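The numbering of the sequence shown is the working numbering, which starts it at 726 and goes up by one.
We put the CB at the ideal spot given by N, CA and C, even for glycine.
Being a predicted model, the structure only gives us computed values, none of them experimental.
Below: the structure, in structure tokens.
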Amino acid sequence: MSELHKKTKEITELVFKSSRKAREETNAEPEPHLTQPITWPVECVVGPGLEGAIACESKIGYVNGLKGWLIYRGYDIFDLCAYSTYEEVSYLLLYGYLPTAVQLKAFKKNLIQCRNVPNTLRLLMSFSIEEMNPMAVLRLGTNLMRQEFTYIDRDGLVPKRGKVIGTDEDSIPMETVPRGEEHAIYEFKDSDPFKSKELSKFDLEPAIGYKSCYRLISGVATIAAAIVRIRQQKFPIDSDPELSHAANLIYMMTGKQPTPEEERIMDIALILHADHGINASTFAAMVVASTLSDMYFSVGSGIAALNGPLHGGANEQVLHMLREIGEVSNVKSWYKKSRKKKQKIMGFGHRVYKAYDPRARILRPLAKHLAKRNKESGRLFQVAKALEKEVISTLGVKKRIFPNVDFYSGIVYDSLGIPPEIFTPIFAVSRVSGWTSRIMEYLEKNRIFRPRAIYIGQFNKKYVSLEERTNKTR
Ligand code: ACO
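If you want it as structure tokens, here you go:
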């Protein structure tokens, strides 16, 4: 057991309690059609928004939406939150197994070295960051990191694309019935296709591969913390190499070393958000990577997708919503009004979960625990609890709508003194390990993503010249 886990046994106990409750309420079993290898082409029923579509096989993670079950590489999320750390979980997601002590030490050392993104921060500070959406800054930051660390766009340094690609995508018969033939798979011939002695003297790296994952896992955290500081008219703080990823994130944002309890709760929040199947942002990142773009652009796309209020942006909206409701006594009337206007209640519902989201199960008692520390957080937690009761007794019964991860995470971050506009960037800080792991896995058997649309437009329309069109409308 780590020193941190020894000092925060009360938090571990809260996780165990949530776990016991989940086991009592849900009898988790894998769904055979979603947990066995497939042979392409695969038959599935697809709904709007690609609901039910199978994009790929993966060994990284599994979400059982009917049972409220979340697994990373075979390990239950409740166990990982009780026993593990974000660094260990990132290693697990990336490499597929839990590291030995030596492997973990080396991995942490790498992550610590990758926290420094000096040119990226210098360039970022030349923009009016305080006037920009923090997610836009985060995305811009990943572009600047791409420039700082990689040679991908350096004239004369980039090897010819043909050398690194196995198959010519244009030769794949896209318009035929999909057969999923072996020959139609793009592949990297080498794990580090851009490596050359010539390039190493410039001290620049490939924009894909494990090093780019480490850079992004650490660098995105540094940028998120710098955004907080700059928005408060303060200078970014150098990272502290003695601190864990979670503790350092809080330190670089607030300038204060967190208590063990704060560190542990942030660590658990990071573990909980690290991966979640082929959600919108992960899919966005994978689509970009499947074109053989690079890790930095792919993660930037994940950040863009995560920003939306239907996805990661919901956590910030939840806090505003709870503040707007204000008091427990206002919950019923507020909820009635929202339902009348057919408004979606932020922090509820999920494409996959038709049961209580296990991440919300863990975050709820942590939010309650932290909320004891100040009156305002306590009030928000009570409002959240009352709203949850209303929603579950109505939408929960009728439509299987329950709290999702975003419902309680906002209260947790707020209690840790993090400004609401940084909630979604923190989600991104954590999800980078999921995005990069999924991309590394997908690239092993890459095929460009290319779905079709059903054309429901017209045919055989006669082209009318601009002149004629203009005269007609006069
Ligand atoms: N409040 C009220 N009704 C809801 C909610 C909600 N939060 N979520 C879904 N519904 C209703 C819809 O109105 C719809 O009802 P209908 O069948 O009568 O038309 C039905 O449930 C299905 O909803 P969809 O929006 O079609 O479900 P979908 O799978 O497309 O969307 C989503 C899932 C986007 C998460 C949705 O539940 C939502 O908008 N929730 C609020 C935003 C939110 O919390 N997002 C964070 C999700 S977790 C994450 O991304 C990290």
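Residue i: CB within 8 Å of a non-hydrogen atom of the ligand ACO
i       : result
Ile996  : no
Phe1073 : yes
Phe1152 : yes
Asp1131 : yes
His1045 : no
Val1116 : yes
Ile1126 : yes
Gly821  : no
Lys1066 : no
Ala1005 : yes
His970  : no
Pro668  : The chain is shown only over 726 to 1199; residue 668 falls outside these bounds and no answer can be derived.
Rounded distance between the beta-carbons of residue j and residue i, thought under 8 Å
i       : j       : result
Thr1149 : Gly1038 : 5 Å
Met977  : Ser969  : Met977 to Ser969, Cβ: 12 Å. No contact.
Gly1135 : Val1043 : 4 Å
Ser786  : Asp992  : According to the sequence shown, residue 786 is Gly rather than Ser. About 18 Å separates the two Cβ atoms, so there is no contact after all.
Tyr1021 : Arg871  : 4 Å
Exposed unless 16 or more other CB atoms sit within 10 angstroms - verdict on residue i
i       : result
Asn769  : It should be pointed out that residue 769 corresponds to Cys in this sequence rather than to Asn. Exposed is the call here.
Leu1035 : exposed
Thr947  : buried
Arg864  : buried
Gly1182 : exposed
Lys1186 : exposed
Lys1065 : exposed
Ile1179 : exposed
Glu1052 : exposed
Asp1131 : buried
Leu1191 : exposed
Lys1123 : exposed
Thr825  : exposed
Ala1111 : buried
Pro755  : exposed
Thr760  : exposed
Phe1106 : buried
Asn1040 : buried
His1075 : buried
Arg798  : buried
Tyr822  : exposed
Arg840  : buried
Phe1152 : buried
Nearest neighbour of residue i, chosen from the options [CA to CA]
i       : options                              : result
Ser1162 : Phe1127, Ile942, Asn835 and Lys1079  : Ile942
Tyr939  : Ala951, Lys1110, Tyr816 and Ser1006  : Tyr816
Leu739  : Asn973, Lys1100 and Glu986           : Glu986
Val814  : Glu1166, Ser1155 and Lys936          : Ser1155
Leu775  : Ala951, Asn1004 and Leu823           : Asn1004
Phe832  : Val771, Lys1100 and Leu819           : Leu819
Arg877  : Ile854, Ile933 and Leu848            : Here residue 877 turns out to be Ile, not Arg, going by the sequence shown. Closest by alpha carbon: Ile933.
Gly1072 : Arg1084, Lys731 and Pro1144          : Arg1084
Leu1168 : Leu791, Pro859 and Glu782            : Glu782
Arg1098 : Ala1014, Gly1142, Lys1061 and Tyr808 : Gly1142
CB contact below 9 Å: residue i versus chain C
i       : result
Lys1100 : Of the chains in the structure shown, none is chain C; there is only one protein chain.
Exercise. Ignoring anything shorter than 4 residues or poking outside the region 1059-1105, list the alpha helix (DSSP H) runs there in chain order.
Key: 1083-1096
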